[in-house]
Amino acid sequence: MPLTRIVYCSELVKNIGSNEISDILDVSRENNAKQAVSGVLLFNSDYFLQCLEGSRAAVNRIYCRICCDQRHHNAQLLAYGEVSQRLFGAWSMAYVPWTEATRTTIAQYSSSTEFNPYQMSSESVIKLLEELGQLLLTSEH
Ligand SMILES: Cc1cc2nc3c(=O)[nH]c(=O)nc-3n(C[C@H](O)[C@H](O)[C@H](O)COP(=O)(O)O)c2cc1C
1 MPLTRIVYCS
11 ELVKNIGSNE
21 ISDILDVSRE
31 NNAKQAVSGV
41 LLFNSDYFLQ
51 CLEGSRAAVN
61 RIYCRICCDQ
71 RHHNAQLLAY
81 GEVSQRLFGA
91 WSMAYVPWTE
101 ATRTTIAQYS
111 SSTEFNPYQM
121 SSESVIKLLE
131 ELGQLLLTSE
141 H
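In structure tokens:
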């Protein structure tokens, strides 16, 4: 089964709190690890950007479940395809802390200073994810 990557963005529902975000991360880490799925979840107060990588069946199954989740809406696929290598192989669901380095990295690939994945090209999104993966690796070691 080919290694497949899905990247999508969505809008947070207005009343979502930090407890719910941490629930999402906990469940994601548990479920994804069981299915050899890795990825990252990036968000601000308005938007999610998520990357899921693993077998085609597993990432599609998880993505379909995520799309029905009432804690966000308006999911838009930004990239989908087979890949030769994982970007986030070290994490069942990495969380990107909102640091100055994160902001600077996002600004490099965005036309505005605000994080808005709907405005980004799929090429910029993949480059952003590649750089965030490197940033996470260096910040953890
Ligand atoms: C933005 C967002 C990202 C999510 N990411 C994942 C994920 O990567 N893996 C996962 O299993 N569930 C994820 N979820 C949660 C699922 O929508 C769903 O609630 C969960 O998979 C149900 O798990 P359970 O059947 O074990 O309770 C996400 C939800 C949201 C709103």
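Quick note on full-length UniProt numbering: the sequence shown kicks off at 1 and runs consecutively. Beta carbons: idealized from backbone N, C-alpha and C, even for Gly.
The beta carbon of ASP46 is closer than 7 Å to those of GLU11, LEU12 in its chain, skipping five residues each way along the sequence. CYS9 has LEU49, GLN76 as its beta-bridge partners, per DSSP. Sequence-distant partners of HIS73 (beyond 5 residues in either direction) whose C-beta falls short of 8 Å from its own C-beta, in its chain, are SER10, GLU11, VAL13. For the pair of segments examined, the stretch 122 to 130 was found to touch the stretch 77 to 92: the number of CB pairs separated by less than 8 Å reaches three. In the DSSP annotation of this structure, the continuous segment of the alpha helix (DSSP H) that includes VAL59 starts and ends at 56 to 67. If you ignore the 5 residues before and after ARG71, its C-beta comes within less than 8 Å of the C-beta of LEU12, VAL13, ILE16, GLU20, ILE24, all in its own chain and listed in chain order. Taking the CA atoms as reference points, ALA90 sits about 14 Å from GLU30. Taking the Cα of PRO2 as reference, the smallest distance to any Cα among SER18, PHE43, ASN60 is reached at ASN60.
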